[in-house]
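Student:
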Amino acid sequence: MTTMKRRDLLKLGGLGAGVTALGMTVPLGQSVSTSDWISTSAKPARFARALRVPMAITPTRMVDEYGDYLLYEITERAANLQILDPGAPSTPVLGYSVGGGGPTIPGPLIKVEQNTRVRVRVTNALPTMHPTFGYGGVATSVHLHGSASLPQYDGFADDITSPGQYKDYWYPNFQGPRTLWYHDHGVHHTAQNAYSGLFAQYHLHNPWERENLPQDGFDIPLIISDAMFAQDGTLAYLDRNHSGLWGDVIMVNGVPWPYLNVERRFYRFRVLLATVSRSMNLKLVNTRTGAVLPTYVVATDGGLMVPQQVTSWRHAGAERYEIMVDFKDCRIGDTVELRNASNKNNVDYLHTGKVMQFRVTSEATDSRWNQVRTPPTEEIHPVMRATRSMARRTRDIKLEHDDVTNEFLINGMSWEDVQAQSWNIFTSPGDWPRSGDIEIWRIENKSGGWFHPLHIHLVDFQILSRRGGSGRVQPWEKGPKDVVYVGEGEIVEVLVSYTMAPKTYPDGSSTGQAGLSGDRGGRYMIHCHNLAHEDHDMMGQFFVAGADGAVDLSWSHANHPVTAAPPV
Numbered sequence: 011m012t013t014m015k016r017r018d019l020l021k022l023g024g025l026g027a028g029v030t031a032l033g034m035t036v037p038l039g040q041s042v043s044t045s046d047w048i049s050t051s052a053k054p055a056r057f058a059r060a061l062r063v064p065m066a067i068t069p070t071r072m073v074d075e076y077g078d079y080l081l082y083e084i085t086e087r088a089a090n091l092q093i094l095d096p097g098a099p100s101t102p103v104l105g106y107s108v109g110g111g112g113p114t115i116p117g118p119l120i121k122v123e124q125n126t127r128v129r130v131r132v133t134n135a136l137p138t139m140h141p142t143f144g145y146g147g148v149a150t151s152v153h154l155h156g157s158a159s160l161p162q163y164d165g166f167a168d169d170i171t172s173p174g175q176y177k178d179y180w181y182p183n184f185q186g187p188r189t190l191w192y193h194d195h196g197v198h199h200t201a202q203n204a205y206s207g208l209f210a211q212y213h214l215h216n217p218w219e220r221e222n223l224p225q226d227g228f229d230i231p232l233i234i235s236d237a238m239f240a241q242d243g244t245l246a247y248l249d250r251n252h253s254g255l256w257g258d259v260i261m262v263n264g265v266p267w268p269y270l271n272v273e274r275r276f277y278r279f280r281v282l283l284a285t286v287s288r289s290m291n292l293k294l295v296n297t298r299t300g301a302v303l304p305t306y307v308v309a310t311d312g313g314l315m316v317p318q319q320v321t322s323w324r325h326a327g328a329e330r331y332e333i334m335v336d337f338k339d340c341r342i343g344d345t346v347e348l349r350n351a352s353n354k355n356n357v358d359y360l361h362t363g364k365v366m367q368f369r370v371t372s373e374a375t376d377s378r379w380n381q382v383r384t385p386p387t388e389e390i391h392p393v394m395r396a397t398r399s400m401a402r403r404t405r406d407i408k409l410e411h412d413d414v415t416n417e418f419l420i421n422g423m424s425w426e427d428v429q430a431q432s433w434n435i436f437t438s439p440g441d442w443p444r445s446g447d448i449e450i451w452r453i454e455n456k457s458g459g460w461f462h463p464l465h466i467h468l469v470d471f472q473i474l475s476r477r478g479g480s481g482r483v484q485p486w487e488k489g490p491k492d493v494v495y496v497g498e499g500e501i502v503e504v505l506v507s508y509t510m511a512p513k514t515y516p517d518g519s520s521t522g523q524a525g526l527s528g529d530r531g532g533r534y535m536i537h538c539h540n541l542a543h544e545d546h547d548m549m550g551q552f553f554v555a556g557a558d559g560a561v562d563l564s565w566s567h568a569n570h571p572v573t574a575a576p577p578v
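So, in structure tokens, the structure goes:
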């Protein structure tokens with residue numbers, strides 16, 4: 011029997027685009043609708059429900075042969091949640107849960123201190139058939155986005171955990187303070203699994219950040235997502251023939267268009283865009299005066315930066331921007347709106363220009379962390395001090411679209427091509443990067459008009475230049491990054507550092523005193539974080555050689571049946 015390849019199915023149109031397909035295989039331009047996608051469905055009220063602020067979960071302190079570590083036990087479950095307004099139908103979701111409780115959207119917040127060893131046990135208790143989209147075997151792979159984990163704990167797309175199995179993920183947390191997030195990365199179903207609710211934040215702290223940036227009730231995670239709902243309350247999945255999904259309902263921390271009561275002082279907001287495809291252009295506006303609030307970007311994907319004052323910032327899927335916002339010039343009773351001016355090649359609806367509301371309700375009750383401080387040099391990622399002259403080579407990375415197969419490609423290769431060609435988009439062994447290398451990646455968007463938020467796993471980089479599009483590096487992106495917005499027709503240069511750490515660090519695996527990914531090298535993934543593009547098929551992999559030139563090709567570390575005794 012001849013097996014038909016995924017690419018051949020795509021040529022024949024054999025893969026559906028979800029619930030509905032519009033047959034759109036060309037860029038959308040700036041699309042603005044005067045109605046919502048189903049104008050008769052009940053839409054949630056704007057600014058009527060309070061923001062849900064996730065609380066950090068408590069781990070179990072454990073000891074093994076390498077010393078102390080923290081154990082977090084998380085279970086992936088299906089449930090029906092009341093996302094739309096009370097009285098509207100509930101919505102079937104997938105989510106992360108702790109203990110015997112049901113899942114939440116977003117999932118449990120994890121907060122750890124730098125250099126704390128963490129073991130996260132994730133159990134897949136999902137159904138064998140997706141409750142909404144109908145694909146079988148809801149297999150998952152947890153990616154801690156922004157962590158320099160060993161590749162076998164990175165959430166490799168093909169390293170899937172099936173229903174009835176669990177996997178232990180080990181994280182060294184040696185990097186500086188930053189906002190990470192964990193989400194599903196299961197091959198070819200990342201978009202639907204994450205869209206169904208499998209995402210959450212993970213915060214890494216250190217003493218300087220604890221002392222100088224707002225903490226506790228003034229340090230608020232904001233996970234922005236969008237969705238479309240059918241009349242029966244279920245999530246609809248309309249990816250416009252793989253070009254992307256843009257919902258007409260905007261949610262923050264799983265609540266449609268919420269509000270948050272604030273004091274007249276500085277707050278830190280950890281803003282993550284967990285949309286499938288939508289990018290945003292965000293600003294905060296006092297509705298009484300029309301004034302834009304003073305906003306300072308104090309950290310990016312890879313951690314702390316020299317603060318940059320902005321009036322607005324462009325934000326793509328998977329990017330994290332930590333902003334400090336000063337409400338002191340507002341009057342008690344003022345309302346401030348987080349608004350979205352959008353970008354090219356989104357689909358905008360009646361209320362997608364609104365995100366959430368802040369209600370100024372009281373004077374400041376605490377004077378701590380109430381000014382913007384510049385971190386000392388040693389607190390900022392060293393990649394920001396690297397220069398062009400330090401680069402060993404320049405690589406050309408081309409982001410393309412195949413109009414015949416309707417696939418999105420990296421250097422002409424789909425994920426199927428990567429699998430068939432020894433799992434490496436850098437095909438020559440002599441061309442592999444090595445631990446300690448610094449390289450320039452010249453990323454060119456040749457895909458015919460779509461924008462691509464490109465994510466490189468396990469490394470951070472500095473954005474050097476932009477040609478075309480905006481034409482310059484923007485103030486908000488002058489910090490260490492792991493996702494870069496590559497606009498339509500743009501060429502973006504980034505300075506990539508493969509230096510993780512010059513030491514070994516116990517990861518609890520059977521290999522004993524294992525090195526970090528930067529010491530041992532391994533498999534590194536790269537993909538578009540428009541998740542519809544990633545699944546069809548803009549995802550690749552490359553090998554990084556260790557300091558000794560050898561490559562650790564491990565990509566999986568034991569999925570176990572739930573019925574099995576935990577490994578010693």
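So the sequence shown is numbered by this note's numbering: it starts at 11 and just counts up by one.
Heads up, the beta-carbon is just placed ideally off N, CA and C, and yes, glycines get one too.
The structure displayed is predicted, hence computed values, not measured ones.
Compute the Euclidean distance between the alpha carbons of PHE239 and HIS140, then round it to the nearest angstrom.
Tutor: 16 angstroms
Student: To which residues of the same chain is VAL197 closer than 7 angstroms at the C-beta, ignoring the five residues directly before and after it?
Tutor: Same-chain partners within the cutoff: ALA167, ASP168 and ILE170.
Student: Could you check what DSSP says for TRP323 in three-state terms: helix, strand or coil?
Tutor: strand
Student: Assuming SER159 and HIS195 form a contact by the criterion Cβ under 8 angstroms, report the distance between their Cβ atoms to the nearest whole angstrom.
Tutor: Beta-carbon to beta-carbon, SER159 and HIS195 are separated by about 12 angstroms, too far to satisfy the 8 angstroms threshold.
Student: In chain order, which beta strand (DSSP E) runs of at least 3 residues are fully inside the stretch 326–355?
Tutor: 330–336 and 345–350
Student: What residue ranges within the stretch 147–181 form continuous beta strand (DSSP E) runs of no fewer than 3 residues, ordered along the chain?
Tutor: 152–155 and 175–181
Student: Within the same chain, show all residues whose beta-carbon is closer than 8 angstroms to that of MET72, passing over the 5 residues directly before and after it, in chain order.
Tutor: ASP78, TYR79, LEU80, LEU81 and ARG129
Student: I need the straight-line Cα distance from THR375 to VAL108, nearest angstrom please.
Tutor: 33 angstroms
Student: How should ALA401 be labelled, buried or exposed, when 16 other C-beta atoms within 10 angstroms of its C-beta is the threshold for buried?
Tutor: buried
Student: According to DSSP, simplified to helix, strand and coil, what is ALA52?
Tutor: coil
Student: Of the residues ASN134, THR200 and ASN183, which one's Cα is nearest the Cα of GLN175?
Tutor: Here the closest residue by C-alpha is ASN134.
Student: Going by Cα to Cα distance, which pick from GLU410, GLY422 and MET423 is closest to SER457?
Tutor: Ranking GLU410, GLY422 and MET423 by Cα distance to SER457 puts GLU410 first.
Student: Can you tell me which residues form a DSSP beta bridge with GLY471?
Tutor: It should be noted that the sequence gives Phe, not Gly, for residue 471. DSSP output for PHE471 lists LYS491 and VAL506 as bridge partner(s).
Student: In terms of residues, what are the limits of the beta strand (DSSP E) holding ALA542?
Tutor: Looking at the DSSP string, ALA542 is not in any beta strand (DSSP E); the run it does join, the alpha helix (DSSP H), is 541–545.
Student: Between the Cα of TYR508 and the Cα atoms of GLY531, GLY243 and GLN225, which residue gives the shortest distance?
Tutor: GLY531
Student: Check each candidate in PRO173, SER172 and PRO182 and name the one with the smallest Cα separation from TYR163.
Tutor: PRO182
Student: Leaving out the 5 sequence neighbours to the left and right, which residues in its chain are closer than 6 angstroms to ARG330 when beta-carbon positions are compared?
Tutor: THR189, LEU282 and ASP311
Student: Considering only the beta carbon of each residue, do ASP178 and ARG127 sit closer than 9 angstroms?
Tutor: no
Student: Mind reading off the beta-carbon distance from PHE471 to VAL496? Whole number of angstroms is fine, and I expect it under 8 angstroms.
Tutor: Going by Cβ atoms, the distance from PHE471 to VAL496 rounds to 13 angstroms, so no, they are not a contact pair.
Student: Can you tell me whether ASN183 is helix, strand or coil according to DSSP?
Tutor: coil
Student: In whole angstroms, give me the CA-to-CA distance for SER43 and LEU348.
Tutor: Taking the CA atoms as reference points, SER43 sits about 20 angstroms from LEU348.
Student: Between VAL272 and ARG369, which are expected to be in contact by the criterion C-beta below 8 angstroms, what is the C-beta distance as a whole number of angstroms?
Tutor: 7 angstroms
Student: Quickly, what does DSSP pair TYR192 with across the bridge? List them, please.
Tutor: LEU154 and ALA210
Student: Specify whether the stretch 476–494 and the stretch 306–322 touch according to this definition: at least 3 beta carbon pairs, one from each stretch, less than 8 angstroms apart.
Tutor: yes
Student: Quick one: measure Cβ to Cβ for PRO224 and ARG274, integer angstroms, because I've assumed they're closer than 8 angstroms.
Tutor: 14 angstroms between Cβ atoms; not a contact.
Student: Could you round the C-beta distance between TYR192 and TYR212 to whole angstroms and report it? I think they count as a contact, below 8 angstroms.
Tutor: 6 angstroms
Student: I need the DSSP call for SER424, collapsed to helix, strand or coil.
Tutor: coil
Student: Please classify PRO69 as buried or exposed, where buried requires at least 16 neighbouring CB atoms within 10 angstroms.
Tutor: buried
Student: Are the beta-carbon atoms of GLY451 and ARG398 separated by less than 9 angstroms?
Tutor: In the sequence under discussion, the amino acid at residue 451 is Trp, which differs from the Gly named in the question. ARG398 sits away from TRP451, with the two beta carbons spaced by 9 angstroms or more.
Student: Tell me whether VAL502 is buried or exposed, calling it buried when 16 or more other Cβ atoms sit within 10 Å of its Cβ.
Tutor: Buried is the call here.
Student: For PRO217, tell me which candidate among SER445, LEU255, LEU474 and ASN125 has the shortest Cα-Cα distance.
Tutor: Taking only the C-alpha atoms, the option nearest PRO217 is ASN125.
Student: Between GLY518 and GLU373, what straight-line distance do the alpha-carbon atoms span, to the nearest angstrom?
Tutor: Low local confidence applies: a pLDDT of 45 at GLY518 is under 50, so the model's placement there is unreliable, and no value is given.
Student: According to DSSP, simplified to helix, strand and coil, what is ARG298?
Tutor: Correct three-state label for ARG298: coil.
Student: Can you tell me whether GLY343 is buried or exposed, with buried defined as 16 or more other CB within 10 angstroms of its CB?
Tutor: exposed
Student: Considering only residues of the same chain and omitting the five flanking positions on each side of TYR106, which have a CB-CB separation below 7 angstroms?
Tutor: A distance below 7 angstroms between beta-carbons, with the five flanking residues on each side excluded, links TYR106 to the following residues of its chain, in chain order: ILE84, GLU86, PRO113, GLY117, PRO118, LEU208 and ALA210.
Student: Have a look at GLU417, ASP412, GLN381 and PRO54 and flag the residue whose alpha-carbon is nearest the alpha-carbon of ALA98.
Tutor: PRO54
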